[in-house]
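Chains as they are written, first to last, in the working numbering: chain A, 4 to 234; chain B, 564 to 694.
Glycine included, every Cβ here is placed at the ideal spot set by N, Cα and C.
Computed from a predicted model, the values in this text were never measured in an experiment.
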């Protein structure tokens, strides 16, 4: 009986990093840099974030040409239909982190493929896509994608034919992007829920394309940059 | 032709003028050498969650420092993180190196004190390991 209800495995020791995180947070509160309540409100908000709303937005747009038009014209308004309010949902109640509140939905076509980067740092449409993956934050991806997008996409397993234009969109403090990939063949008659499942985070960044049966991101290598960091 | 982002030029100048001390900080060097990363711990204990439980609270700390108090704007923190990771924490996995870089920035900006941090870490450690 007891064996049937084995608890999930857990890390049974406290790491120095865990101690450091808590110590930094408590000291910052003690020094008056922010309050415990502020921190709690942001933590709760962070827990609500993930890529599902963006995936649903794309799936809905595949099924509804009018909604697709809205997505392209006004990403913030279109986000409301998938439960994301870029202005009022944030703990600030007057906008989103770093004051951004402009979402652009970049629709791929048979002759145009979009891919997202933030060359300045790691700006990412967190309210609708959750936390950015580690590789997206690296100087290696940020430096190389804007110079050699086809090469980088090939490393992600995405071969873009020569007659298809690759457009790199660079996020900034005010504007965030997601990619609306083309609906793949073999999904005729699918429901919104079925379609949502194949729009992975990597498809929404633009480094992958949706495929029937593929519902998870591939593990991605994190490459270091050889040249030292400088501004 | 490469277009140069005017935002970048402005930030370049601002960061240059700050001239933040990027030298190593002993308390953080010790954690870098002795701390066990989540990857190591989760492998050892068979835990499948790819991120440590403290990742969300770390992200929240970064956000409140930027969005609520404006003590450490997000873009400056990220630039310092890139530079500090390059110089000191390149071999530390993510998000552990993000945490080390944040602590490094806070100390060098005078927002928290290195000795206070070392002392407070001892207190936290004692508390978390009481049972």
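Within the 8 angstroms Cβ cut-off, does residue i reach chain A?
| i | result |
| --- | --- |
| residue 671 of chain B | no |
| residue 587 of chain B | no |
| residue 666 of chain B | yes |
| residue 677 of chain B | no |
| residue 622 of chain B | yes |
| residue 584 of chain B | no |
| residue 659 of chain B | yes |
| residue 592 of chain B | no |
| residue 643 of chain B | no |
| residue 652 of chain B | no |
| residue 564 of chain B | With a pLDDT of 42 at residue 564 of chain B, under the threshold of 50, the modelled position of this residue cannot be trusted; read the value that follows with caution. No - not a single Cβ of chain A is within 8 angstroms of the one on residue 564 of chain B. |
So what does residue i bridge to, in DSSP terms?
| i | result |
| --- | --- |
| residue 106 of chain A | A:179 |
| residue 171 of chain A | A:118 |
Any beta carbon of chain B sitting closer than 8 angstroms to that of residue i?
| i | result |
| --- | --- |
| residue 45 of chain A | yes |
| residue 1 of chain A | Absent from the structure is residue 1 of chain A, since the part of chain A shown begins at 4 and ends at 234. |
| residue 8 of chain A | no |
| residue 12 of chain A | yes |
| residue 88 of chain A | no |
| residue 166 of chain A | no |
| residue 234 of chain A | Note on residue 234 of chain A: pLDDT 47, under 50, position unreliable in the model; the coordinate value appears next. So, interface residue. |
Quick one, are the C-beta atoms of residue i and residue j less than 8 angstroms apart?
| i | j | result |
| --- | --- | --- |
| residue 183 of chain A | residue 623 of chain B | no |
| residue 199 of chain A | residue 58 of chain A | yes |
| residue 674 of chain B | residue 36 of chain A | yes |
| residue 641 of chain B | residue 124 of chain A | yes |
| residue 663 of chain B | residue 18 of chain A | no |
| residue 167 of chain A | residue 61 of chain A | no |
| residue 153 of chain A | residue 228 of chain A | no |
| residue 174 of chain A | residue 120 of chain A | yes |
| residue 677 of chain B | residue 661 of chain B | no |
| residue 177 of chain A | residue 105 of chain A | yes |
| residue 680 of chain B | residue 26 of chain A | yes |
| residue 594 of chain B | residue 670 of chain B | no |
| residue 113 of chain A | residue 223 of chain A | no |
| residue 635 of chain B | residue 629 of chain B | yes |
| residue 210 of chain A | residue 159 of chain A | yes |
| residue 74 of chain A | residue 108 of chain A | yes |
| residue 230 of chain A | residue 169 of chain A | no |
| residue 693 of chain B | residue 23 of chain A | no |
| residue 665 of chain B | residue 585 of chain B | no |
| residue 161 of chain A | residue 212 of chain A | yes |
| residue 128 of chain A | residue 179 of chain A | yes |
Helix, strand or coil for residue i per DSSP?
| i | result |
| --- | --- |
| residue 16 of chain A | coil |
| residue 115 of chain A | strand |
| residue 654 of chain B | coil |
| residue 565 of chain B | Caution applies to residue 565 of chain B, whose pLDDT of 46 falls short of 50 and renders its modelled position unreliable; the model cannot decide the point. |
| residue 694 of chain B | coil |
| residue 133 of chain A | coil |
| residue 662 of chain B | helix |
| residue 162 of chain A | coil |
| residue 685 of chain B | helix |
| residue 69 of chain A | helix |
| residue 52 of chain A | coil |
| residue 212 of chain A | coil |
| residue 618 of chain B | helix |
| residue 225 of chain A | coil |
| residue 637 of chain B | helix |
| residue 599 of chain B | coil |
| residue 84 of chain A | coil |
| residue 672 of chain B | coil |
| residue 201 of chain A | helix |
| residue 128 of chain A | coil |
| residue 582 of chain B | coil |
| residue 594 of chain B | helix |
| residue 29 of chain A | helix |
| residue 624 of chain B | helix |
| residue 234 of chain A | Because residue 234 of chain A sits at a pLDDT of 47, beneath the cut-off of 50, its placement in the model cannot be relied upon, and the point is left open. |
Determine the chain E residues that contact residue i at a beta-carbon separation under 9 angstroms, and present them in chain order.
| i | result |
| --- | --- |
| residue 96 of chain A | Absence of chain E from the displayed structure is noted, the protein chains being A and B. |
TODO: Residues of the region 54 to 86 of chain A with a CB closer than 8 angstroms to any CB of chain B: list them in chain order, please.
DONE: none
- [ ] Identify each residue in the region 679 to 694 of chain B for which the Cβ-Cβ distance to at least one residue of chain A is less than 7 angstroms, and report them in chain order.
- [x] 679, 680, 683, 684, 687, 688, 691 and 692
Task: Residues, ordered as in the chain, of the region 17 to 41 of chain A that lie near chain B by beta-carbon distance below 7 angstroms - done: 17, 18, 19, 20, 21, 22, 23, 24, 25, 26, 27, 28, 29, 30, 31, 34, 36, 37 and 41
Open item on the list: Output needed in chain order: residues of the region 109 to 123 of chain A with a Cβ under 8 angstroms from some Cβ in chain B.
Closed with: For the region 109 to 123 of chain A, the set of positions with a beta-carbon nearer than 8 angstroms to some beta-carbon of chain B reads 122 and 123 in chain order.
Open item on the list: Please list, in chain order, the residues of the region 172 to 205 of chain A that have any C-beta partner in chain B closer than 9 angstroms.
Closed with: 173, 175 and 176
TODO: Below 8 angstroms between beta carbons is the criterion; list the residues of the region 131 to 150 of chain A that meet it against any residue of chain B, in chain order.
DONE: 134, 137, 140 and 142
TODO: Report the residues of the region 205 to 225 of chain A with a CB closer than 9 angstroms to any CB of chain B, ordered along the chain.
DONE: 225
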